[in-house]
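Remarks on the structure that follows.
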Ligand SMILES: [Zn+2]
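In UniProt numbering, the protein residues as written are 1 to 119.
Below you can see the structure in the form of structure tokens.
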């Protein structure tokens, strides 16, 4: 697996991006706690298969969001309430169909972040 990011030894290994909100974390973070933004709709925590299916190791264009003053980032990335962190502008891959159906039933308009959807 190629590593899109090279980080210092002391930094956590940020190697997966959430396909729904773009938040970048390590796989173990997604696996253990889910995505802090999307956990209420995706339920990734404690489900490694789902955590892998809903996150992507291939992403680019990192943006650091640190809170309310970065609300432009939230608008740009289409996140209303988001945790501070690193967000990928482009995430390769799409959520599984069953997850997309589930999101639609919850009234969430999922837009793939892989660049195939243009505004
Ligand atoms: Zn997310």
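We treat Cβ as the ideally placed atom computed from N, Cα and C, and that holds for glycine.
A quick note: this is a predicted structure, and the numbers were derived from the prediction, not measured.
Practice task
Would you check whether ligand 1 has a heavy atom nearer than 7 Å to the C-beta of residue 23?
Solution key: Correct: residue 23 has its Cβ closer than 7 Å to ligand 1.
Problem - Same chain, Cβ closer than 6 Å to residue 46, five either side skipped, listed in chain order - result: Excluding residues within five positions, none has a Cβ falling inside 6 Å.
Handout entry: Identity of the residues DSSP links to residue 54 by a beta bridge
Key = In DSSP, residue 54 forms no bridge with anything.
Practice task
Assign residue 111 to buried or exposed, taking buried as 16 or more other Cβ atoms, counted over all protein chains shown, within 10 Å of its Cβ.
Solution key: So residue 111 ends up on the exposed side.
Problem - Best match in 26, 16, 44 and 54 for proximity to residue 96 [C-alpha to C-alpha] - result: Selected option, being the one with the closest Cα: 54.
Handout entry: Rounded straight-line distance, which links the Cα of residue 43 to that of residue 90
Key = Rounded to whole angstroms, residue 90 to residue 43 spans 22 Å at the Cα level.
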